Amino acid sequence: MPKLYLQSLGCNKNLVDSEIMLGRLSNYALTQDPNKADVLIVNTCGFIKSAKEESINAILELHESRKKGSLLVVTGCLMQRYREELMKELPEVDIFSGTGDFEKIDELILKKQNLFSNSTYLQGENTARIITGSNSHAFIKIAEGCNQNCSFCAIPSFKGRLKSRSIKSIVNEVQSLVKRGFKDFSFIAQDTSSYLFDEGKKDGLISLIDEIEKIEGIKAARILYLYPTTASFKLIERIIKSNIFVNYFDMPLQHISDKMLKIMKRGADSSHLKELLNLMRKAEQSFLRTGFIVGHPGENEEDFKELCEFIKEFDFDRISIFGYSKEEDTKAFDMSQIPSKIINQRLKIIEKIVEQKLDENFEKEVQKIRKVICTGTSSEGEFFVAGKDLRWTHEIDGEILINESLCGKLESGLIYECKITQSVDKKLIATALRKIDD
Numbered sequence: 304m305p306k307l308y309l310q311s312l313g314c315n316k317n318l319v320d321s322e323i324m325l326g327r328l329s330n331y332a333l334t335q336d337p338n339k340a341d342v343l344i345v346n347t348c349g350f351i352k353s354a355k356e357e358s359i360n361a362i363l364e365l366h367e368s369r370k371k372g373s374l375l376v377v378t379g380c381l382m383q384r385y386r387e388e389l390m391k392e393l394p395e396v397d398i399f400s401g402t403g404d405f406e407k408i409d410e411l412i413l414k415k416q417n418l419f420s421n422s423t424y425l426q427g428e429n430t431a432r433i434i435t436g437s438n439s440h441a442f443i444k445i446a447e448g449c450n451q452n453c454s455f456c457a458i459p460s461f462k463g464r465l466k467s468r469s470i471k472s473i474v475n476e477v478q479s480l481v482k483r484g485f486k487d488f489s490f491i492a493q494d495t496s497s498y499l500f501d502e503g504k505k506d507g508l509i510s511l512i513d514e515i516e517k518i519e520g521i522k523a524a525r526i527l528y529l530y531p532t533t534a535s536f537k538l539i540e541r542i543i544k545s546n547i548f549v550n551y552f553d554m555p556l557q558h559i560s561d562k563m564l565k566i567m568k569r570g571a572d573s574s575h576l577k578e579l580l581n582l583m584r585k586a587e588q589s590f591l592r593t594g595f596i597v598g599h600p601g602e603n604e605e606d607f608k609e610l611c612e613f614i615k616e617f618d619f620d621r622i623s624i625f626g627y628s629k630e631e632d633t634k635a636f637d638m639s640q641i642p643s644k645i646i647n648q649r650l651k652i653i654e655k656i657v658e659q660k661l662d663e664n665f666e667k668e669v670q671k672i673r674k675v676i677c678t679g680t681s682s683e684g685e686f687f688v689a690g691k692d693l694r695w696t697h698e699i700d701g702e703i704l705i706n707e708s709l710c711g712k713l714e715s716g717l718i719y720e721c722k723i724t725q726s727v728d729k730k731l732i733a734t735a736l737r738k739i740d741d
């Protein structure tokens, strides 16, 4: 069999597209060694400067290491966003494609043809996917594109407006994966809480939750990337009431200063955000993840201090911090920019606060009993078995190291009741008490 090497960069939405390409290329043997591959694919990210640089470096490094006669294929967001420039500047690449033709990747390779469809690819019925990285967890993309107008974000310019998959299509995919042994699902989109808004349905995500709950065999599900103005109180309450969807709330806030929220065109003020957050936090065994941008045009010292104080005060479980990235095709591009030196200074300050909050969060877990799904070999070697809290998202929120079992040999993909015994260097150490998987 010919060999295939695929490098998926950026977010888990990209990962789903990569897994669809793998499904179309099932006649290839996957290899982790790029210099043995007959075909090398880079699924790029074009969101912010650092992601763009990572994508370009990955392309050039693969070209340097690939064997003679192999094909180098570059696809994804970066190519969609900078098509003309990159096709001129990257003679190393054999085949170019954007974000509209993932299901045609086998044809492009066969014909050695570039292709850029005008519309963004939306996963359809009975699409083959090869899930990577887990035998129990899968990401499910429910929509593409975005209708929001955030000042800092260029995604709508190359992903287009919101396009939702049908509930039937999503349910069929989940049912198929459950039959293959998958039991843990994360539902994703650029803005999940806008699901079916493009069809005039304001509670589309609630309708999807209702249907997913009818599928037997799911042990846990969660929703990522809620948007503050489309995540209604009704939606949050529905998640809290669910027997399948865990109380996992991932809502990037970007800021808390009312002035900055207005400049960033986030559509909600701080009082509304805090109401949503308090409802989420009060839920039993809730887990809250968010993200903030530092140094966006217009942010003064008072705004920054307000953000720092808010992070200190509110009990988030995970926080991502990003320095503002000046991006073409955004409203913030032509605004008066804050010097990078000041942005870096603010990043150092806020990262220390986040680090302290994370340490406190991990310490709070010690002595608690958690449902943990076994994920296999740990990052710390053979003396530990890796797991994740069933509330957490796969490979995002951390790792639990199980160093003792009172219930025999632990099996990957099964769920165990574990007692957290220690917190060491942003990792939790636990003892498996009993198997609770059916």
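In the numbering used here, the protein residues as written are 304 to 741.
Glycine included, each C-beta is placed from N, C-alpha and C at the ideal position.
Here the structure is a predicted model, which is why all the values come from computation and not from measurement.
Measuring C-alpha to C-alpha distances from residue 522 to each of 583, 457, 441 identifies 441 as the nearest.
Cβ neighbours of residue 611 within its own chain (closer than 8 Å, five residues either side excluded): 652, 653, 656.
Shown here for residue 489: same chain residues with a beta carbon closer than 6 Å to its own, the five before and five after excluded, namely 442, 525, 527, 696 in chain order.
Beta-carbon to beta-carbon, residue 688 and residue 724 are separated by about 14 Å, too far to satisfy the 8 Å threshold.
In the structure shown, the three-state DSSP call for residue 661 is helix.
With 16 or more other Cβ atoms from the protein chains shown falling within 10 Å of its own Cβ, residue 531 counts as buried. Distance check between residue 400 and each of 417, 409, 389, 390 places 417 closest, using alpha-carbon atoms only. In chain order, 446, 498, 499, 501 place their CB closer than 6 Å to the CB of residue 467, counting only its own chain and leaving out the 5 sequence neighbours on each side.
Counting along the chain, no beta strand (DSSP E) covers residue 585; the unbroken alpha helix (DSSP H) around it starts and ends at 573 to 585. When the Cα atoms are used, residue 720 and residue 374 turn out to be separated by approximately 47 Å.
Taking residue 332 as the centre and dropping the five residues before and after it, the same chain places the C-beta of 304, 305, 306, 307 closer than 8 Å to its C-beta, in chain order. Between residue 470 and residue 514, the C-beta spacing is below 9 Å.
For residue 705, the enclosing beta strand (DSSP E) has its first and last residue at 703 to 708.
Around the C-beta of residue 315, 16 or more other C-beta atoms lie within 10 Å, and the residue is accordingly described as buried.
For residue 636, no beta strand (DSSP E) segment is defined, and its DSSP state is neither H nor E.
Here residue 453 is actually not in contact with residue 465; their C-beta atoms are around 14 Å apart, not less than 8 Å. Taking a 10 Å sphere around the C-beta of residue 430, we find 16 or more other C-beta atoms and assign the residue as buried.
Remark: C-beta atoms of residue 329 and residue 408 do not approach each other more closely than 9 Å. Residue 599 carries a coil assignment under DSSP once its states are collapsed to helix, strand and coil.
With respect to residue 349, residue 318 sits apart: the two C-beta atoms are not nearer than 9 Å. Look at the segment 481 to 550 and you find these whole runs of beta strand (DSSP E), each 3 residues long or longer: 487 to 491, 523 to 526.
Under the three-state reduction of DSSP output, residue 312 falls in the coil class, being neither helix nor strand. In the structure shown, the three-state DSSP call for residue 434 is coil.
Collapsing the DSSP output to three states places residue 562 in a helix.
An exposed status is given to residue 728, since fewer than 16 other beta-carbon atoms sit within 10 Å of its beta-carbon. Using a Cβ distance threshold of 9 Å, residue 621 and residue 593 count as a contacting pair. For residue 332, the beta-bridge partners assigned by DSSP are 306. For residue 384, the enclosing alpha helix (DSSP H) starts and ends at 380 to 384. Looking at 626, 635, 394, the one whose alpha-carbon comes closest to that of residue 366 is 394.
Comparing C-alpha distances from residue 673 to each of 606, 457, 588 shows the shortest one belongs to 588. Annotation: the continuous beta strand (DSSP E) that includes residue 685 extends over 684 to 692. Between residue 550 and residue 583, the C-beta gap is smaller than 9 Å, which places the two residues in contact.
Residue environment: residue 460 is assigned as exposed (fewer than 16 neighbouring CB atoms within 10 Å of its CB, all protein chains considered).
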